[in-house]
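In my numbering, the protein residues as written are 8 to 395. Yeah, the Cβ is synthetic: ideal placement off N, Cα and C, and Gly gets one too. Remember, predicted model here, so these are calculated numbers, not experimental data. A quick write-up on the structure given underneath.
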């Protein structure tokens with residue numbers, strides 16, 4: 008039968024490719040035997056979401072039949088979790104980047120260290136708590152058990168009301184707002200203050216590519232460029248869909264209008280009011296996955312890991328490819344805080360190395376002339392793999 012979506016099979020191909028890319032990022036972290044909580048959580052849940060979204064687009068490409076009810080129940084609950092995980096994970100990543108850039112001394116005082124550790128544990132606890140809480144809140148504003156869209160498959164069906172926006176959709180906006188308000192300006196300010204030293208170093212040292220320095224700004228700006236705009240657009244489109252269907256935006260639809268059985272939505276019904284919302288929503292996860300892979304999956308260390316895997320697989324078949332010369336200066340190790348012996352050498356006395364982004368920048372002198380060397384990032388991110 009002909010498919011409903013004129014762009015088919017573009018979307019399922021994009022989903023499968025993005026899932027494969029995220030799997031590569033996770034595997035490189037596994038090879039290094041170290042993880043960053045924010046990046047690992049984001050890649051893990053995005054992998055399953057993109058993979059299942061691609062499967063849905065294939066299974067329901069030419070129909071809107073209500074089928075595979077158990078699978079749809081599992082998928083829609085996973086959708087609710089990933090909806091919260093994405094902005095929360097990017098908040099954790101930005102916070103970790105902020106903690107790196109604000110380092111000012113060789114040894115932190117006990118109180119400051121304890122406070123930083125407590126905040127780190129609180130953030131991680133809040134991450135798990137919010138995911139569980141949002142799943143429970145979804146039951147309060149769950150309009151249908153699930154809904155099946157033609158060409159897209161089964162989807163979660165939250166109530167498009169004021170309460171639904173506050174309990175469900177607000178999580179797409181609150182974490183990136185916290186990130187942009189508290190962490191992003193400080194990261195950019197600290198890096199901007201080092202612009203002169205960094206510009207001089209990049210001109211006099213050929214071992215560091217300028218694009219590696221740019222990546223840290225891209226990572227810090229992920230909430231500004233992607234997460235927050237996606238959250239705002241999601242709320243606007245949900246509000247618009249509610250107004251187009253019922254003509255008003257209720258405070259709460261009421262318990263009698265919730266928890267109905269599965270409903271099939273034809274492609275003609277989608278085109279009448281919800282097609283733009285559906286297209287936008289389904290493409291946000293592949294877009295975020297491609298951005299994450301662009302930051303973490305194509306660096307020198309990542310490519311070296313891929314080559315080692317290829318060599319190992321080729322060795323099973325009796326083929327021994329020529330090993331690449333590693334571009335990494337030193338073997339993987341733990342994070343070290345070193346004080347340079349001679350401050351007069353300025354940038355030549357030390358460097359800051361965010362190792363996985365090849366690195367972002369290898370030399371940076373802080374205003375108080377304390378140089379920090381962050382040697383190994385074994386997980387696929389420019390953030391220390393050690394726990395907060």
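Query - Residues bridged to residue 272 (per DSSP) - result: 156
Query raised in the report: Thinking just about the alpha-carbon of each residue, which of 152, 234, 146 is nearest to the one in residue 181?
Result: For residue 181, the nearest C-alpha among the options comes from 234.
Requested in this report: Could you check what DSSP says for residue 257 in three-state terms: helix, strand or coil?
Outcome: coil
Query raised in the report: Out of curiosity, what's the CA-to-CA distance linking residue 167 and residue 177?
Result: 12 Å
Query raised in the report: Taking three-plus beta-carbon pairs below 8 Å as touching, is the segment 93 to 101 in contact with the segment 42 to 55?
Result: Cβ pair count under 8 Å is three or more, so yes.
Query raised in the report: Between residue 289 and residue 60, which are expected to be in contact by the criterion C-beta below 8 Å, what is the C-beta distance as a whole number of angstroms?
Result: Rounded to the nearest angstrom, the Cβ distance from residue 289 to residue 60 is 6 Å, consistent with a contact under 8 Å.
Query raised in the report: Are the CB atoms of residue 287 and residue 175 nearer to each other than 9 Å?
Result: Note that the C-beta distance between residue 287 and residue 175 is not below 9 Å.
Query raised in the report: Beta carbon of residue 169, beta carbon of residue 257: below 9 Å?
Result: yes
Requested in this report: Confirm, please, whether the CB-CB distance from residue 29 to residue 53 is below 9 Å.
Outcome: yes
Query raised in the report: Can you tell which of 72, 260, 75 has its C-alpha closest to the C-alpha of residue 165?
Result: 260
Query raised in the report: Hey, out of 191, 244, 250, whose CA is closest to residue 225's CA?
Result: In terms of Cα proximity to residue 225, the closest of 191, 244, 250 is 191.
Requested in this report: Using the Cα positions of residue 153 and residue 196, report the straight-line distance between them to the nearest angstrom.
Outcome: 46 Å
Query raised in the report: What whole-angstrom Cβ distance do residue 280 and residue 248 have, given they're in contact under 8 Å?
Result: 6 Å
Requested in this report: Quick one: using the 10 Å Cβ neighbour count with 16 as the cut-off for buried, is residue 300 buried or exposed?
Outcome: buried
Query - Nearest-angstrom Cβ-Cβ length linking residue 230 and residue 186, presumed shorter than 8 Å - result: So it is a contact: roughly 4 Å between Cβ atoms.
Requested in this report: Inspect the beta-carbon positions of residue 245 and residue 172 and report whether they are closer than 9 Å.
Outcome: yes
Requested in this report: Consult DSSP for residue 228 and reduce its assignment to one of helix, strand or coil.
Outcome: coil
Requested in this report: Check whether the Cβ atoms of residue 155 and residue 320 lie closer than 9 Å to each other.
Outcome: Cβ distance not < 9 Å, so residue 155 and residue 320 don't count as in contact.
**Report entry** Distance, residue 276 Cα to residue 160 Cα
**Finding:** 14 Å
Query raised in the report: By how many angstroms is the C-alpha of residue 255 removed from the C-alpha of residue 51?
Result: 38 Å
**Report entry** Own chain partners of residue 250 with C-beta closer than 7 Å, once the 5 adjacent residues on each side are dropped
**Finding:** 256
Requested in this report: Look at residue 71 and residue 274 and say whether their C-beta atoms are less than 9 Å apart.
Outcome: yes
Query - Per DSSP, cross-strand counterpart(s) of residue 161 - result: 155
Requested in this report: Kindly list the residues whose CB is nearer than 7 Å to the CB of residue 241, restricted to its own chain and excluding five residues on each side of it in sequence; keep chain order.
Outcome: 176, 179, 288
Query raised in the report: By how many angstroms is the C-alpha of residue 302 removed from the C-alpha of residue 221?
Result: Residue 221 and residue 302 have their C-alpha atoms roughly 10 Å apart.
Query raised in the report: Under the rule that 16 or more other beta-carbon atoms within 10 Å means buried, what is residue 40, buried or exposed?
Result: With fewer than 16 Cβ atoms within 10 Å of its Cβ, residue 40 is classed as exposed.
Report task. Report all residues from its chain with a CB closer than 8 Å to the CB of residue 27; omit the five preceding and five following residues, and keep chain order. Result -> none
Requested in this report: State the CB to CB distance for the pair residue 151 and residue 93, rounded to an integer number of angstroms; the pair is presumed to be in contact (CB under 8 Å).
Outcome: Wrong, their Cβ atoms sit about 23 Å apart, outside the cutoff.
Query raised in the report: Shortest alpha-carbon distance to residue 157 belongs to which of 223, 74, 200?
Result: 74
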